[in-house]
Amino acid sequence: MSETLLSSRNLAFELYEVLDAEALTERPRYADHNRETFDAALSTARGIAEKFYAPHNRKADENEPIYKDGEAILIPEVKPAVDAFIEAGFLNASRRFEDGGMQLPNLLARACFAHFQAANVGTSSYAMLSMGASHLIEAFGSEEQKQRFLQPMIEGRFFGTMALTEPHAGSSLSDLRTRAEPAGDGSYRLKGNKIFISGGDHALSENIVHMVLAKLPDAPPGVKGISLFIVPKFLVNDDGSLGPRNDVLLAGLFHKMGWRGTTSTALNFGDNGQCVGYLVGEPHKGLSYMFQMMNDARIGVGMGAIMLGYAGYLYSLEYARERPQGRLPDGKDPSSAQVPIVQHTDVKRMLLMQKAYVEGAFDLGLYAARLVDDQLTAEAEETRQNAHELLDLLTPIVKSWPSEFCLKANELAIQVLGGHGYTREYPVEQYYRDNRLNPIHEGTHGIQSLDLLGRKLTQNGGRGLRHLLALIRQTCEQARQYDSLTPLREPLQALLARLVPISQGLLGDLVGGKVNLALANSALYLKVFGHTVIGWRWLEQAIRAEQGLARGNAADGDFYRGKLQAARFFLTWEIPGCHPDLDLLEARDTTTLDMQDSWF
Numbered sequence: 001m002s003e004t005l006l007s008s009r010n011l012a013f014e015l016y017e018v019l020d021a022e023a024l025t026e027r028p029r030y031a032d033h034n035r036e037t038f039d040a041a042l043s044t045a046r047g048i049a050e051k052f053y054a055p056h057n058r059k060a061d062e063n064e065p066i067y068k069d070g071e072a073i074l075i076p077e078v079k080p081a082v083d084a085f086i087e088a089g090f091l092n093a094s095r096r097f098e099d100g101g102m103q104l105p106n107l108l109a110r111a112c113f114a115h116f117q118a119a120n121v122g123t124s125s126y127a128m129l130s131m132g133a134s135h136l137i138e139a140f141g142s143e144e145q146k147q148r149f150l151q152p153m154i155e156g157r158f159f160g161t162m163a164l165t166e167p168h169a170g171s172s173l174s175d176l177r178t179r180a181e182p183a184g185d186g187s188y189r190l191k192g193n194k195i196f197i198s199g200g201d202h203a204l205s206e207n208i209v210h211m212v213l214a215k216l217p218d219a220p221p222g223v224k225g226i227s228l229f230i231v232p233k234f235l236v237n238d239d240g241s242l243g244p245r246n247d248v249l250l251a252g253l254f255h256k257m258g259w260r261g262t263t264s265t266a267l268n269f270g271d272n273g274q275c276v277g278y279l280v281g282e283p284h285k286g287l288s289y290m291f292q293m294m295n296d297a298r299i300g301v302g303m304g305a306i307m308l309g310y311a312g313y314l315y316s317l318e319y320a321r322e323r324p325q326g327r328l329p330d331g332k333d334p335s336s337a338q339v340p341i342v343q344h345t346d347v348k349r350m351l352l353m354q355k356a357y358v359e360g361a362f363d364l365g366l367y368a369a370r371l372v373d374d375q376l377t378a379e380a381e382e383t384r385q386n387a388h389e390l391l392d393l394l395t396p397i398v399k400s401w402p403s404e405f406c407l408k409a410n411e412l413a414i415q416v417l418g419g420h421g422y423t424r425e426y427p428v429e430q431y432y433r434d435n436r437l438n439p440i441h442e443g444t445h446g447i448q449s450l451d452l453l454g455r456k457l458t459q460n461g462g463r464g465l466r467h468l469l470a471l472i473r474q475t476c477e478q479a480r481q482y483d484s485l486t487p488l489r490e491p492l493q494a495l496l497a498r499l500v501p502i503s504q505g506l507l508g509d510l511v512g513g514k515v516n517l518a519l520a521n522s523a524l525y526l527k528v529f530g531h532t533v534i535g536w537r538w539l540e541q542a543i544r545a546e547q548g549l550a551r552g553n554a555a556d557g558d559f560y561r562g563k564l565q566a567a568r569f570f571l572t573w574e575i576p577g578c579h580p581d582l583d584l585l586e587a588r589d590t591t592t593l594d595m596q597d598s599w600f
């Protein structure tokens, strides 16, 4: 197997031809970097992922964490892998040099982390959660909280989690029951139960810092009454040393179909009335704070889905090239040599569909990472604001579209391997099981679709949507320079021409009080909107591929032609298939809305 994590050539194409990572080095924050330092970081990430993460991916799946004496026990290979990740600096890849970081652009940090997600999504999740929790404290915590909790997290001595879900409420956070009582000394005493807390217990770090949503005694009802608290597994003394165990109990572990290497925990807070927590920021604003970590996690989940799809695609591609079976339909001589299955048309279809899904999604995930850099470091205020609004709009797509269609890629990878595909002797069945969790992780498709249609489209006066539409139209205009791209451009423009007025009509229904009608088919809207975005990203890649071919480097010819063929597949096979969904949205179809419980 030549490359089983991700294609280094495709990564270079994305970073340096599509997203212009080198231009970021012109900004003061990244001025100490260049393409050589970027490539060195990527090479180090690939090396650690291949040496420490990939080898125990199967073992972690077959030997999931166990509950013993109130603790979660992992296989021994996980800690050396996490330690290697920390020692190489990837825990703080995007932090400033003076804060112990590598000061890489977020684009490069995401690209580095993608290797770990492709190699072992279960082990990579511990660091992902910890990075999100540390950024949350950094953004909203007090100086004392930063010193006591953030600094050890930056050093990799403390890890972090997010504790939202409760048994009775699920995704309905307005119904959470965890309570926080003032203790009179500036701290609080929490009591409640949380479930599905990834990374909620392990021995990978000295301490675990739980970011917990709870309600104060005077909290108003609903989400406006939620506050955010730091609740450590072990209390931390004034001198930074660990104190006694906090009243946080590991009540048990969940056993999932995938991501088995990540502990999924049930935690009890305050069974003995002594669970110490510390309020972050202002009372009753916890959910708005937590959205920072949730949105970061949603992009992380989307990237995880992409990399699982990518790993499955690369494996099935290599398998198809090496597996001889049968002959082509016009080969009538049974004594002739069998051909590799990659030559069979239907296998090519399945491989091309995988390529279209995973490389389209990979482009979008890295594009979102590039938006973070523009949001933080672009010189012009307008550019920073546009990036912020566009990222906010695209986050539901970055999370949900790969979770659905890169999962389909995993399904196709199994199919390419035939009977071998669903045996445990080959990794593609695990990739599928791991990826099947991502449509639920950090908000289901339904939740993301309600967020997109019900909130994100109109946020900030709809500026994010207007900016996105302008960018898509701009790409279509650029594509006019290439006659070969006309058959690819026109289906995208036709879809956009219908999507815009239908979107306006649905938003009009929302404003007019027809909320249930407007949102009844929001999942269809999410799919069409996502396909539109991915179609745009493929047209962008097609333009860069045409430019690459024009430069005449023979060694890259097949790569660019492969890009154009995948773009052709998505824009001429997938995009036209969205019109029946638009028909239902345009008609405000009420089939699902009208269904009654008693009719099932």
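1 is the number of the first residue of the sequence shown in the UniProt record's numbering; add one for each residue after it.
Glycine residues also receive a C-beta, built at the ideal position from the N, C-alpha and C atoms.
**Request:** Could you please give me the residues that DSSP links to Tyr278 through a beta bridge?
**Result:** Ile230
**Asked** Leaving out the 5 sequence neighbours to the left and right, which residues in its chain are closer than 7 Å to Ser134 when beta-carbon positions are compared?
**Response** Leu150, Met153, Ile154 and Gly160
**According to DSSP, residues forming a beta bridge with His210** = Thr161 and Val231
**Asked** Going by Cα to Cα distance, which pick from Pro182, Pro76 and Met131 is closest to residue 611?
**Response** Here the chain covers residues 1 to 600 and nothing more, so residue 611 does not appear.
**Asked** Which residues mark the beginning and the end of the beta strand (DSSP E) in which Lys191 is found?
**Response** Tyr188 to Ser198
**Request:** Check whether the Cβ atoms of Phe229 and Ala251 lie closer than 7 Å to each other.
**Result:** no
**Message:** Using a Cβ-Cβ cutoff of less than 7 Å, which residues in the same chain neighbour Arg260 once the five nearest sequence positions on both sides are dropped?
**Reply:** Ala60, Asp61, Glu64 and Gly122
**Asked** In its own chain, which residues sit with a C-beta less than 8 Å from the C-beta of Ala49, not counting the 5 before and 5 after it?
**Response** Leu5, His115, Phe116, Ala118, Ala119 and Asn120
**Item:** Nearest-angstrom Cα separation, counted from Pro402 out to Leu510
**Value:** 27 Å
**Prompt:** By a C-beta neighbour count over all protein chains shown, 10 Å radius and 16 as the cutoff for buried, is Leu593 buried or exposed?
**Reply:** exposed
**Alpha carbon of Cys476 to alpha carbon of Ala470, nearest angstrom** = 10 Å
**Request:** On a CA-only basis, which of Gly443, Gln504, Pro232 and Gly552 is nearest Leu173? Give me that one, please.
**Result:** Gly443
**Request:** Select from Ala337, Phe196, Glu144 and Asp185 the residue whose C-alpha is nearest the C-alpha of Pro167.
**Result:** Phe196
**Message:** Could you compute how far the alpha carbon of Val236 sits from the alpha carbon of Thr262?
**Reply:** 25 Å
**Asked** beta strand (DSSP E) containing Thr265: first to last residue?
**Response** Ser264 to Phe269
**Item:** Three-way DSSP call (helix, strand, coil) for Lys256 in this model
**Value:** coil
**Asked** Quick one: what does DSSP say Val18 is sitting in, helix, strand or coil?
**Response** helix
**Asked** So Cys112 packs on Ala41, CB below 8 Å; how close in whole Å?
**Response** 6 Å
**Cβ pair Ser205, Phe158 closer than 7 Å** = yes
**Request:** Can you say whether Pro80 is buried or exposed, counting buried as having 16 or more other CB atoms within 10 angstroms of its CB?
**Result:** exposed
**Opening and closing residue of the alpha helix (DSSP H) in which Lys527 lies** = Ser522 to Arg551
**Request:** Could you check what DSSP says for Pro283 in three-state terms: helix, strand or coil?
**Result:** coil
**Item:** 8 Å Cβ shell around Leu492 - same chain, five flanking residues per side excluded
**Value:** Ile472, Cys476, Thr532, Gly535, Trp536, Leu539, Leu571 and Ile575
**Asked** If we call anything under 7 Å between Cβ atoms a contact, is Met293 one with Met162?
**Response** yes
**Item:** Short Cβ contact (7 Å threshold) for Asn410 with Asn435
**Value:** yes
**Prompt:** What is the residue span of the beta strand (DSSP E) that Pro221 lies within?
**Reply:** Pro221 -> no beta strand (DSSP E), and no H or E assigned at all.
**Prompt:** In this structure, does DSSP put Tyr126 in helix, strand or coil?
**Reply:** helix
**Request:** Measure the Cβ-Cβ separation of Leu242 and Gly156 and say whether it is below 7 Å.
**Result:** no
**Item:** Pick from Arg568, Tyr525, Trp599 and Asp558 that is closest to Pro580, judged by C-alpha positions
**Value:** Tyr525
**Asked** Around the C-beta of Leu15, are 16 or more other C-beta atoms found within 10 angstroms, so that it is buried, or is it exposed?
**Response** buried
**Item:** Proximity to Pro501 [Cα-Cα], best of Gly277, Met211, Leu582 and Val416
**Value:** Leu582
**Message:** Output needed for Met307: all residues of its chain with C-beta closer than 6 Å, excluding positions within five of it in sequence on either side, in chain order.
**Reply:** Ala114, Gln117 and Ala118
**Request:** May I ask you to list the residues that DSSP assigns as paired with Ala72?
**Result:** Tyr67
**Request:** Report the three-state DSSP secondary structure of Arg349 (helix, strand or coil).
**Result:** helix
**Supposed contact pair Ala21 and Leu107 - C-beta distance, whole angstroms, cut 8 Å** = 6 Å
**Prompt:** How big is the Cα-Cα spacing for Gly53 and Met128?
**Reply:** First, the residue type needs correcting, since residue 53 is Tyr and not Gly in the sequence shown. Cα-Cα distance, rounded: 14 Å.
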